[in-house]
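So that you can map any letter, position 248 of the sequence shown is 248 in UniProt numbering, and since no number is skipped, the others follow by simple counting.
Quick reminder that beta carbons are idealized off the backbone N, C-alpha and C, glycines included.
Because the structure is a prediction, the values reported are computed rather than measured.
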Amino acid sequence: MAASLACPYCYETFTVREIMFRCSTQTSPAGKRCKRERDPVLVERRGLRGELGPVFTADGRTQLAPCPQCEAVTTFRICPVCHSTLPAQFGVVDNRLIAMVGAKASGKTVYMTVLLHELMNRVGARGGFALMAADDETMTRFGTDYQEPLYQDSQLFHGTRTAVANDNRVDPLVFRFGLERRRLLHSRPEHTLLSFFDTAGEDFNSHESIQVNTRYLANADGIILILDPLQFPGSRPLARPGSVLPQTEGEDSPINVLSRVTSMLLPYRAGGGLGARLRPSRRGAGRISTPIAVVFAKLDAFWDGLAPGSPLLAQPPGDERFHTADSLDVHEEVRHLLREWRGGAIDQILETNYQRYRYFGISALGNSPTADSRVAPTGIQPYRVTDPLLWLLSEFGSVARHGRG
Ligand SMILES: Nc1nc2c(ncn2[C@@H]2O[C@H](COP(=O)(O)OP(=O)(O)OP(=O)(O)O)[C@@H](O)[C@H]2O)c(=O)[nH]1
Ligand SMILES: [Mg+2]
Ligand SMILES: [Zn+2]
Ligand SMILES: [Zn+2]
């Protein structure tokens, strides 16, 4: 059976053969030239209204194909479902879809922005890897909607728009993650395409929004679940005085969000891997195979209260590898804190339903924001933000592991 691929933009699946092409609208050797026009599929599925060459089918296993109208050869391969231009080498290099989920105001958008910024600018050079936008739209959108407000204007974000309010879709950001294997004799850069999508807290409240998000979640290769420690009732007495306190109960509590995500994934748990995408499992037994990184955000609010020697006060080893021992130390420490904060039910859900989960503790900002929702005057000082992604990449086999585990 042909392996199925998932589009990094719409998360629908198809086989390599089904990949379609778009005419380049260059003048062909025969002197013919196709006209650019608006593509209704691209408008409907992605909200993109630009004028582009006509779409045609050919054998998607090849990298180029001649346009049947003008005979010019094109290298633009497109998704057969949403008509987005697929990144170069799509289908050849690894392609991983990563979903960012969590309750309202848990810190998803801030975390995603800081993580990507760090990978593109700071950690990258030191760690022997590089992250680049895979397409122009991602580059522009990451700049204007995420990076500039936070890093240039020091402004925190308004709540993320729900998928239902966004014409029933989410708009992922697609990057090329490259790892330089400097120490190898025949060093050859290896690439992974990473597609990130940020949900809105309310995406897990209504039946309607859950339906829209199921496709994205079920086809994700990894999930980052953001938990706000301040939402656990038992954590509050330990938080730094003056921390902004969110609601702890009701629809949007951490336990309810995890329960909803889990019920969305359970029907698709079988076997995992590409072949199992979006095909509900026939057998009732088994746990969800998608790895889930369970991330305690806003750790800066708790630093004063952690026991000396806690791994959540230590600087992580910073290189391109995933450090197993350090990660397991953090995992156990977070699990211990969860119990202390009366969040033990989270641990039970994870243990019962997931084959692979790991706890993390991070701070995207490194400090409490100001009362008027701005970054603290000391600036953004991220702590351990790359740990969850490196774990997922090590689970995918895309980065090396250091140490036993
Ligand atoms: N102390 C502290 N506060 C943070 C940090 N990251 C985010 N916050 C706070 O959490 C608020 C919400 O962050 P967002 O990233 O917008 O939350 P979200 O999960 O995307 O929220 P929705 O899009 O509404 O679901 C911010 O406005 C900050 O007040 C952090 O690292 N430390
Ligand atoms: Mg958000
Ligand atoms: Zn043509
Ligand atoms: Zn698509």
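Cβ-Cβ distance between S24 and T75 below 9 Å
yes
### Query
Who pairs with H191 in a beta bridge, going by DSSP?
G178
| task | Would you mind reading off the limits of the beta strand (DSSP E) that contains F360? | result | Y357 to G361
| request: May I ask you to report which of helix, strand or coil DSSP gives S327? | output: helix
query: Which of the three DSSP states, helix, strand or coil, is assigned to R277?
result: Because the pLDDT of R277 is 49, which lies under 50, any placement of that residue in the model is unreliable, and the number read from its coordinates should be weighed accordingly. Note: R277 maps to coil in three-state DSSP.
Item to check | Contact test: Y146 Cβ vs ligand 6 heavy atom, cutoff 8 Å | outcome: Questions concerning ligand 6 fall outside what the structure shown contains, since the ligands it does hold are ligand 1, ligand 2, ligand 3 and ligand 4.
Next item on the list: Examine ligand 3 and report whether any of its heavy atoms sits within less than 8 Å of the Cβ of T352.
Entry: no
- CB of D387 within 9 Å of CB of P316, strictly: yes
Review point. At which residue ranges does the UniProt domain "Double-GTPase 2" (96-240) contain complete beta strand (DSSP E) runs of 3 or more residues, listed in the order of the chain?
Key: 129-133, 173-179, 190-198 and 222-227
- prompt: So what does DSSP say about L393, is it helix, strand or coil?
  reply: helix
Taking 8 Å as the cut-off, is the C-beta of A200 nearer than that to any heavy atom in ligand 2? yes
- Item | Assigned exposure category for N121 - 16 Cβ within 10 Å defines buried | exposed
Uninterrupted beta strand (DSSP E) stretches inside the region 62-88 (no shorter than 3 residues)
76-78
Contact test: P29 Cβ vs ligand 3 heavy atom, cutoff 8 Å
no
Shortest alpha-carbon distance to L42 belongs to which of A6, C79 and N353? C79
- Query: Closest to L119 by CA distance: which of L179, P291, A307 and R22 is it?
  - Reply: L179
| query | By Cβ distance, which residues of its chain are closer than 8 Å to M20, with the 5 residues on each side in sequence left out? | reply | V55, F56, T57, A58, G60, R77, I78, C79, P80 and H83
Q | For G128, the nearest candidate out of T144, F177, D167 and G143 (CA to CA) | A | F177
Note to self: In whole angstroms, give me the CA-to-CA distance for L338 and G234.
What the structure shows: 9 Å
Exercise for the section: Report the rounded CA-to-CA distance for T15 versus D153, giving the unit in angstroms. Expected result: 44 Å
If you measure from each residue's Cβ to the nearest non-hydrogen atom of ligand 1, which ones come out under 6 Å, in chain order? G102, K104, A105, S106, G107, K108, T109, V110, L156, F157, G159, T160, A200, G201, V244, A297, K298, D300, A301, S363, A364, L365, S368, P369 and S373
Which residue spans inside the region 285-351 form an unbroken alpha helix (DSSP H) run of at least 4? 324-340
query: On the three-pair Cβ rule with 8 Å, is the region 351-365 touching the region 284-301?
result: yes
Closer than 7 Å by C-beta to H186: which residues in its own chain qualify, once you throw out the five before and the five after it? Chain order, please. With a pLDDT of only 47 at H186, under the threshold of 50, the placement of this residue in the model should not be trusted, and no figure is reported.
Worksheet item: What is the DSSP secondary structure of S398, reduced to helix, strand or coil?
Response: coil
* V375 and Q155 closer than 9 Å at C-beta -> yes
So the beta strand (DSSP E) L48 belongs to, where does it begin and stop? Run containing L48: none; DSSP gives neither H nor E here.
| said: Output needed for E137: all residues of its chain with C-beta closer than 8 Å, excluding positions within five of it in sequence on either side, in chain order. | reply: L48
Spatially closest choice to L150 from F175, Y111, T162 and V170, by CA coordinates: Y111
| So is A371 buried or exposed if we call it buried at 16+ other beta carbons inside 10 Å? | exposed
Next on the checklist: Between S4 and ligand 4, is there a pair consisting of the residue's CB and a ligand heavy atom that are separated by less than 8 Å?
Outcome noted: no
TODO: In the DSSP assignment, find the unbroken beta strand (DSSP E) run with L266 in it and report its ends.
DONE: That residue, L266, is in no beta strand (DSSP E); it is neither H nor E in DSSP.
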